[in-house]
Each structure stands twice: as structure tokens, then as C-alpha cells.
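Below is one structure, written out as C-alpha cells; comments come after it.
Chains as they are written, first to last, in my numbering: chain A, 1 to 123; chain V, 124 to 246.
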């Protein structure tokens, strides 16, 4: 078989840092990433792509300029391209992100939370 | 806010038929679909795209020509483009599929299980 099964909980057991998405699979030119979230991120947008958030553990709020979206485990939300957003979580959240390969997590905002491409948990 | 939160379990409560994927969100030109699976599908492939399966309930086997892949809840697998596959499940499975909009579920195999685009559960 060409690819391997990805067990989401098992992959999360392999890292503990926050705001550091790990690519666990690819779908054409998209990355499937897992990320641990805690605290507040930075306001940013992605001009050229939507971004999917699927929460698998915990409770995530995605702040938008016109209101907040709150996701629990088993809920997903797609942030439309160009829409400013800022994830925030009181407790720890485990989430899956899907977006095209090469998208920078902080968009054009930059700053210390900017993550590098990390596919160390692939395969 | 522009999009709505998708609660996967709540969406599954709205339909009961098998092999009839429902689009619940879009991500750029990709569809996020939910499908109930039971029994055996048809061998097929998608020449131009990978296909992501994420199981949220039950136990799904994806038969491949060189071996089976079995997924439980919380596990995902990407069938590479061009790879023949045939999903099969003894019990009922609830799964999320992600693939580009317009991909036909039976690929080039056709037949009675071919589904039409159904976005009646969007929004």
C-alpha cells in the first residue's frame, strides 16, 4: 500500500508544543496538519485560500472581526480566504487544519508564532 | 460571520441512506462530504485526484489491489490518485470524505451506486 493510516490521537501523542502544526498527510497539493492550540494566536488572514479547522479535543474559539465562532470536538469551520481571524483557547485544544501546502500559519502578519513546514510525523 | 460551524454528528442525524455523500462545507474548490457506508462499494479509481477518508464512527476497510487498509474512528487515509480501491464495511460506518468538487464517487466505473452532487445539508 502506498500511504499509511494516520491515527490522529497517536500522532498527537508524539508532540506537545503549541502553535506548531505537523503535516501528517497530503491530499494533492494540500497539507493535512495537526496542531495543539493554547492561548491566543495573532490576528491574520490568508488572501489566497480558505482554511479548515476541525477540532478533535477541547474547545476552540476563532475570533473574527464580526463575531466569534466556537468549535467543540467533532465540529469544523472553514475560514474564508481574506477573512481576518485569531484563534484563542483557554484550555488546550487539539485540531486538524487543512490548507494548501506552503500556506504560512500567520499569513501576512508574521511574528514569533510563525511556524516552519514540519512533516516529521509523516508516514 | 460568513460560514457556519458544521457539527459532524448533527449532520449525520439528518440522513440515513448509504453511499450518498452530502457536501457540508467547501474549502476552495474542494468538497467536505459526509457519507454513511455499509456493505461493499464498487472497485474504481480517480485518475486525477487523491481522496481522503476520515472515519468518525465504525470500522471501514478500504480494499486495495495490493492489500487492505482498515480505519477506525479517528483514523484517516488518503487513497492516491489512480489507485484502484473498493470500500467495504460489515457494520455501518460514518466517514468524512475530502476531494475536489465534481469528483464522481464511482470514478470511471459508473453503475447504480453513482451519486449526484448533494449539497442539501450545507449552511
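Cβ atoms here follow ideal geometry from the backbone N, Cα and C, with glycine treated the same way. Quantities reported herein were computed from a predicted structural model and do not represent experimental measurements.
Next on the checklist: Under 8 Å: do the region 210-226 of chain V and the region 146-157 of chain V share three or more Cβ pairs, one atom per stretch?
Outcome noted: The region 210-226 of chain V, when compared against the region 146-157 of chain V, does touch it at the 8 Å Cβ threshold.
Item to check | Integer Cβ distance of residue 207/V from residue 168/V, believed to fall under 8 Å | outcome: 5 Å
Item to check | As assigned by DSSP and simplified to three states, the class of residue 25/A | outcome: In the three-state reduction of the DSSP assignment, residue 25/A falls in the strand class, which pools E and B.
Next on the checklist: Distance check for residue 148/V and residue 196/V, CA to CA, integer angstroms please.
Outcome noted: Rounded to the nearest angstrom, the two C-alpha atoms are 20 Å apart.
Next on the checklist: Since residue 174/V and residue 201/V should fall inside the 8 Å C-beta cutoff, what is the C-beta to C-beta distance between them, to a whole number of angstroms?
Outcome noted: 7 Å
Item to check | Whole-angstrom distance between residue 170/V and residue 230/V, CA atom to CA atom | outcome: 8 Å
Next on the checklist: Only counting the same chain, and skipping five residues up and downstream in sequence, which positions put a Cβ closer than 7 Å to that of residue 179/V?
Outcome noted: Spatial neighbours of residue 179/V in its own chain (CB-CB distance under 7 Å, excluding positions within 5 residues in sequence) are listed in chain order as 131, 196, 217, 218, 219.
Item to check | Residue burial classification, residue 14/A (beta-carbon count within 10 angstroms, cutoff 16) | outcome: It is exposed - the Cβ of residue 14/A has fewer than 16 other Cβ atoms within 10 Å.
Checklist entry - My guess is that residue 11/A and residue 113/A are in contact by the Cβ rule of under 8 Å, so how many angstroms apart are they, rounded? => result Not quite, the Cβ-Cβ distance comes to about 21 Å (not below 8 Å), so this is no contact.
Item to check | Within 7 Å of chain A by C-beta, residues of the region 175-205 of chain V in sequence order | outcome: 175, 187, 189, 190, 192, 194, 197, 198, 199, 200, 201, 203
Checklist entry - Who are the near neighbours of residue 182/V in its chain, counting only those whose CB is closer than 6 Å to its CB and skipping five residues on each side? => result Correct list, in chain order: 195.
Item to check | Closest residue to residue 141/A among 37/A, 119/A, 16/A (Cα-Cα distance) | outcome: The structure shown has nothing for residue 141/A, since chain A only spans 1 to 123.
Checklist entry - From the DSSP output, which residues share a beta bridge with residue 64/A? => result 67/A, 85/A, per the DSSP bridge assignment.
Next on the checklist: Distance check for residue 127/V and residue 75/A, CA to CA, integer angstroms please.
Outcome noted: For residue 75/A and residue 127/V, the gap between their C-alpha atoms comes out near 10 Å.
Checklist entry - In terms of residues, what are the limits of the beta strand (DSSP E) holding residue 53/A? => result 51-57
Item to check | Contacts of residue 218/V in chain A (Cβ-Cβ under 9 Å) | outcome: Those do not exist, as residue 218/V stays about 13 Å from chain A at its closest Cβ, beyond 9 Å.
Checklist entry - Between residue 212/V and residue 139/V, what straight-line distance do the alpha-carbon atoms span, to the nearest angstrom? => result 16 Å
Checklist entry - So what does residue 40/A bridge to, in DSSP terms? => result 88/A
Checklist entry - Since residue 222/V sits in a beta bridge, which residues does DSSP pair it with? => result In the DSSP output, where bridge partners are listed per residue, residue 222/V has 154/V.
Next on the checklist: Taking a contact to mean a Cβ-Cβ separation below 8 Å, would you say residue 111/A touches residue 23/A in this structure?
Outcome noted: no
Next on the checklist: Quick check on the DSSP output: the beta strand (DSSP E) that includes residue 128/V runs from which residue to which?
Outcome noted: In this chain, residue 128/V is not harboured by any beta strand (DSSP E), its DSSP state being neither H nor E.
Checklist entry - Within this structure, are the beta carbons of residue 6/A and residue 49/A separated by less than 8 Å? => result no
Item to check | is_contact[residue 42/A, chain V] using C-beta, thresh 8 Å | outcome: no
Checklist entry - Any residues in the region 126-147 of chain V with a beta carbon nearer than 7 Å to a beta carbon of chain A? Which ones, in chain order? => result 126, 128, 129, 130, 131, 132
Checklist entry - Whole-angstrom Cβ separation of residue 62/A and residue 87/A, contact assumed at under 8 Å? => result Residue 62/A to residue 87/A, Cβ: 5 Å. Contact.
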